[in-house]
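Colleague:
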Amino acid sequence: MAINRKLKDDLIRYFFLVTAMISIIALGLIMVYLFLEGLPLFKTVTVSDFLFGRFWYPTADPGEFGIMPLIVASLAVTLLSSCIAIPLGVMTAVYLAEIAGPKTRSMFKPMVELLAALPSVVIGFFGMVVVAPFLQDNFDLATGLNMFNAALMLAFMSVPTICSVSEDAIYAVPRELKEASLALGATHWETIRRVVLPASLSGVSTAIILGMSRAIGETMVVLMVAGGAAMVPTSIFSAIRPMPSSIAAEMAEAPFRSDHYHALFAIGVVLFLFTLVFNIIASHIAEKHKQVGAATL
Amino acid sequence: MKKISAFLFAMLLMAGVAQAQSIRIDGSTTVLPAMQKIVEAYMKANPGVNITVSGGGSGNGIKAIIDGTTDIAMSSREMKPKEFDAAKEKGRVVKPVEIAMDALAPIVNPANPVTSLTAEQLQGIYAGKIKNWKEVGGDDKEIVVISRDTSSGTYEAWQELIMKDQKVTPAALLQASSGAVLQVVSKNKYAIAYDGYAYVNNTVKALKVNGVQGGEKSVADKSYPVSRPLFIILPESASADAKKFVDFIMDPAKGQKIIAEVGYFPVKK
Numbered sequence: 006m007a008i009n010r011k012l013k014d015d016l017i018r019y020f021f022l023v024t025a026m027i028s029i030i031a032l033g034l035i036m037v038y039l040f041l042e043g044l045p046l047f048k049t050v051t052v053s054d055f056l057f058g059r060f061w062y063p064t065a066d067p068g069e070f071g072i073m074p075l076i077v078a079s080l081a082v083t084l085l086s087s088c089i090a091i092p093l094g095v096m097t098a099v100y101l102a103e104i105a106g107p108k109t110r111s112m113f114k115p116m117v118e119l120l121a122a123l124p125s126v127v128i129g130f131f132g133m134v135v136v137a138p139f140l141q142d143n144f145d146l147a148t149g150l151n152m153f154n155a156a157l158m159l160a161f162m163s164v165p166t167i168c169s170v171s172e173d174a175i176y177a178v179p180r181e182l183k184e185a186s187l188a189l190g191a192t193h194w195e196t197i198r199r200v201v202l203p204a205s206l207s208g209v210s211t212a213i214i215l216g217m218s219r220a221i222g223e224t225m226v227v228l229m230v231a232g233g234a235a236m237v238p239t240s241i242f243s244a245i246r247p248m249p250s251s252i253a254a255e256m257a258e259a260p261f262r263s264d265h266y267h268a269l270f271a272i273g274v275v276l277f278l279f280t281l282v283f284n285i286i287a288s289h290i291a292e293k294h295k296q297v298g299a300a301t302l
Numbered sequence: 006m007k008k009i010s011a012f013l014f015a016m017l018l019m020a021g022v023a024q025a026q027s028i029r030i031d032g033s034t035t036v037l038p039a040m041q042k043i044v045e046a047y048m049k050a051n052p053g054v055n056i057t058v059s060g061g062g063s064g065n066g067i068k069a070i071i072d073g074t075t076d077i078a079m080s081s082r083e084m085k086p087k088e089f090d091a092a093k094e095k096g097r098v099v100k101p102v103e104i105a106m107d108a109l110a111p112i113v114n115p116a117n118p119v120t121s122l123t124a125e126q127l128q129g130i131y132a133g134k135i136k137n138w139k140e141v142g143g144d145d146k147e148i149v150v151i152s153r154d155t156s157s158g159t160y161e162a163w164q165e166l167i168m169k170d171q172k173v174t175p176a177a178l179l180q181a182s183s184g185a186v187l188q189v190v191s192k193n194k195y196a197i198a199y200d201g202y203a204y205v206n207n208t209v210k211a212l213k214v215n216g217v218q219g220g221e222k223s224v225a226d227k228s229y230p231v232s233r234p235l236f237i238i239l240p241e242s243a244s245a246d247a248k249k250f251v252d253f254i255m256d257p258a259k260g261q262k263i264i265a266e267v268g269y270f271p272v273k274k
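Top to bottom, those sequences are chains H and U.
Going by our numbering, the first residue of the first sequence is number 6, and it counts up by one from there.
Going by our numbering, the first residue of the second sequence is number 6, and it counts up by one from there.
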């Protein structure tokens, strides 16, 4: 009987091992392919011309492959959308977890989560036909398709992620921590600020990074509302062209294995490295502020 | 039982394909929508014929006809001397046939007072030298320049017909599709864009170029400057089936009629 149990245990273990290996190998292969298709570009263009060049004319003869404006655009729009989404997301999470009654919470939480399920093309369309003309008329702009519009739409997409994940983290703060704080005479607000938020910092920062990763990688929205001008933005109302929108707009018609094709994959590599850095920072913060027990606060 | 019948069905299918006359067409994505409609009509009229159409771009289509990997190529530009040489080197004689004309229209918002621009003005606007509508007879407002992304065939045609050796300014707003271009221009009073005539509708206003309104007549007599011929290219040794199909395309009552319906200008009436 004992052998039988051991065998069963081993089988289950191997089953999970194989499943995990399949997904890791698949991811690894995608990464290898990304690099294999991206690196041949550097036979014709130097890495510094690619990263710091200011002009993107991939189909001209000879082509120019400078993605500096694209990188700056991606970082700027992600930063701007984070400035909008982080306060909104985290404050909504605090409200839902700490202040709202159980009835309100059970009603609003699924609603916020449902927002995350909105297809990005719908949000992009909304930005294009509603928000762009509104910005154009009310701020007297040449065009409503700009960084601010894109940042608003991206914030709209990352708020549900930030809110939902932070809410779970805040809700999971041990009850005795709050009780101890209140027992010492702290008010509800002081408890939230000094006890609950620091205790859930690891989860909240993971939420923020997840939201930012979504914003930097999001393609459809920036393709539709960011304007698409490959210039380094000079104001928040500049039209911009982030990296994902270049890839999406041009991949379909770039001749297979041409310099242009390789350049688009090389942009993909840059984008991948950015997201990787984001995730490393996130896991670093999460590790540093890990809440092991009540004693660590 | 199910498996056996599926197998038999597959065999039948394969036998059918082997018997059917088959023509491969590859090339320009500009010609593609018209070609698909024509092929549909042709296959309906000739049930035994099997035609596959794919759009890999003009360059790829011409390359395929030179290499002999396709029967008919579609192209939205003339063949270059280099390409004729390459064909000759492989011992193939290829023949371009003009099947239609395509025209690009500069478009603005219907509320814009400007109705006509010269080709030089268009070039200046797209190169970023003319920045205000005032300079070309409009309101004192910044021009919002809208372009297609650099990979599109429409962009390529605009580059060739209007921009020549100039580059489109990096400040131009790039839109990924013809539909998006229309959407943006219809929402922005001070935007200018260009699109194939087939796409232009009443939400935007097509400008005259050099004082000439684009249309069937001005395109046919070449007085409208932003137009270009569309070609199919086939080898001289093309099969009788392929030649019969070309006759169908050139037939004013059949292929040419479909070309007009899709929004291009027919070359035979």
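Think of the CB as a built atom: it goes at the ideal place given N, C-alpha and C, for glycine as much as any other residue.
Model, not experiment: these values are computed from the prediction.
Give a yes or no on whether 8 angstroms exceeds the smallest Cβ distance from U/K172 to chain H.
Modeller: yes
Colleague: With DSSP collapsed to three states, give me the class of U/Y202.
Modeller: In the structure shown, U/Y202 sits in coil (DSSP, three-state: anything other than H, G, I, E or B).
Colleague: Please name the residue in U/V190, U/D144 and U/D154 whose C-alpha comes closest to that of U/A181.
Modeller: U/D154
Colleague: Flag this pair as yes or no: are the beta carbons of U/S156 and H/A231 separated by less than 8 angstroms?
Modeller: no
Colleague: Just to make sure I have the definition right: I need the residues of chain U whose C-beta is within less than 7 angstroms of the C-beta of H/E255. Which are they?
Modeller: D154, T155 and S156
Colleague: Go ahead and pull the three-state DSSP assignment for H/I17.
Modeller: helix
Colleague: Against chain H, does U/Q24 count as a neighbour if the rule is that its beta carbon must be under 8 angstroms from one of theirs?
Modeller: Note that U/Q24 scores 47 on pLDDT, short of 50, meaning its location in the model is unreliable; the coordinates nonetheless yield the value given after this. No, U/Q24 does not count as interfacial toward chain H.
Colleague: So with CB distances below 7 angstroms, who are the chain U contacts of H/P363?
Modeller: In this structure chain H extends from 6 to 302, so residue 363 of chain H is not present and cannot be described.
Colleague: Which word fits U/V149, buried or exposed, when buried means at least 16 other C-beta atoms lie within 10 angstroms of its C-beta?
Modeller: Classification of U/V149: buried, given that the 10 Å Cβ count is 16 or more.
Colleague: Which residues in chain U sit within 8 angstroms of H/Y62, going by Cβ to Cβ distance?
Modeller: T155 and K172
Colleague: State the DSSP-derived secondary structure class of H/N143, mapped to helix, strand or coil.
Modeller: Reduced to three states, the DSSP call for H/N143 is helix.
Colleague: Taking U/T34 as the reference, which of U/M255, U/S81 and U/F253 has the closest Cα?
Modeller: For U/T34, the nearest C-alpha among the options comes from U/S81.
Colleague: Name the two residues that bound the continuous alpha helix (DSSP H) containing H/F113.
Modeller: Taken as a continuous stretch (DSSP letters only), the alpha helix (DSSP H) holding H/F113 covers P107 to A121.
Colleague: Closer than 8 angstroms, CB to CB, is U/E83 near chain H or not?
Modeller: no
Colleague: Answer yes or no: does any C-beta atom of chain U fall closer than 8 angstroms to that of H/A259?
Modeller: yes
Colleague: Are the CB atoms of U/Q26 and U/V54 within a distance shorter than 8 angstroms?
Modeller: Between U/V54 and U/Q26, the CB-CB gap stays under 8 angstroms.
Colleague: Exposed or buried, H/M116, counting other C-beta atoms within 10 Å across all chains shown (16 or more means buried)?
Modeller: So H/M116 counts as exposed.
Colleague: Please state if the CB of U/M106 and the CB of U/Y269 are separated by a distance shorter than 8 angstroms.
Modeller: yes
Colleague: Determine the direct distance from the alpha carbon of U/V58 to that of U/V22, and round the result to whole angstroms.
Modeller: Reliability of the predicted coordinates at U/V22 is poor, the pLDDT of 46 falling under 50, and the value obtained from them is presented with this limitation in mind. Distance from the CA atom of U/V22 to the CA atom of U/V58, rounded to whole angstroms, is 16 angstroms.
Colleague: On the criterion of 16 or more Cβ atoms from any shown chain inside 10 Å, does H/V135 qualify as buried, or is it exposed?
Modeller: exposed
Colleague: Flag this pair as yes or no: are the beta carbons of U/A78 and U/I67 separated by less than 8 angstroms?
Modeller: yes
Colleague: Give the straight-line distance between the Cα atoms of H/E118 and H/S205, rounded to the nearest whole angstrom.
Modeller: Distance between the alpha carbons of H/E118 and H/S205: 20 angstroms.
Colleague: When we look at the beta-carbon of U/A245 and count the other beta-carbons within 10 Å, is it buried (16 or more) or exposed?
Modeller: exposed
Colleague: Would you kindly report the start and end of the unbroken alpha helix (DSSP H) that includes U/E221?
Modeller: E221 to A225
Colleague: Report the neighbours of H/R198 on chain U: residues whose CB is nearer than 8 angstroms to its CB, in chain order.
Modeller: In chain order: nothing, as chain U lies at least about 44 angstroms away.
Colleague: Can the beta-carbon of U/P1 be found closer than 8 angstroms to that of U/V209?
Modeller: Residue 1 of chain U lies beyond the residue range present for chain U, which begins at 6 and ends at 274; the question has no answer from this structure.
Colleague: Can you tell me whether U/L17 is buried or exposed, with buried defined as 16 or more other CB within 10 angstroms of its CB?
Modeller: Residue confidence for U/L17 is low, a pLDDT of 49 falling below 50, so the modelled location carries little weight and cannot support an answer.
Colleague: Taking only three categories from DSSP, how would you classify U/L239?
Modeller: strand
Colleague: When you compare only the Cα positions, how much space is there between H/V282 and H/K108?
Modeller: 39 angstroms
Colleague: Please decide whether U/A177 counts as near chain A, where near means a Cβ-Cβ distance under 8 angstroms.
Modeller: Protein chains in the displayed structure are H and U, and chain A is not among them.
Colleague: For the candidate residues H/T148, H/L269 and H/G208, whose alpha-carbon lies nearest to that of H/Y176?
Modeller: Of H/T148, H/L269 and H/G208, the smallest CA-CA separation from H/Y176 is found for H/G208.
Colleague: Count the other C-beta atoms from every protein chain shown that fall within 10 angstroms of the C-beta of H/A25, then say buried if there are 16 or more, exposed otherwise.
Modeller: exposed
Colleague: Let me check understanding here. Comparing Cα to Cα, which of H/K11, H/K48, H/A156 and H/V227 lies closest to H/D264?
Modeller: The shortest C-alpha separation from H/D264 is found at H/K48.
Colleague: Count the other C-beta atoms from every protein chain shown that fall within 10 angstroms of the C-beta of U/G62, then say buried if there are 16 or more, exposed otherwise.
Modeller: buried
Colleague: If H/G129 sits next to H/M36, beta carbons under 8 angstroms apart, how far is it from one beta carbon to the other, in whole angstroms?
Modeller: Contact annotation, H/G129 with H/M36: C-beta distance approximately 28 angstroms; criterion of less than 8 angstroms not satisfied.
Colleague: Can you find the residues in the same chain that come closer than 8 angstroms, C-beta to C-beta, to H/F277, ignoring five residues on each side of it along the sequence?
Modeller: M36 and L39
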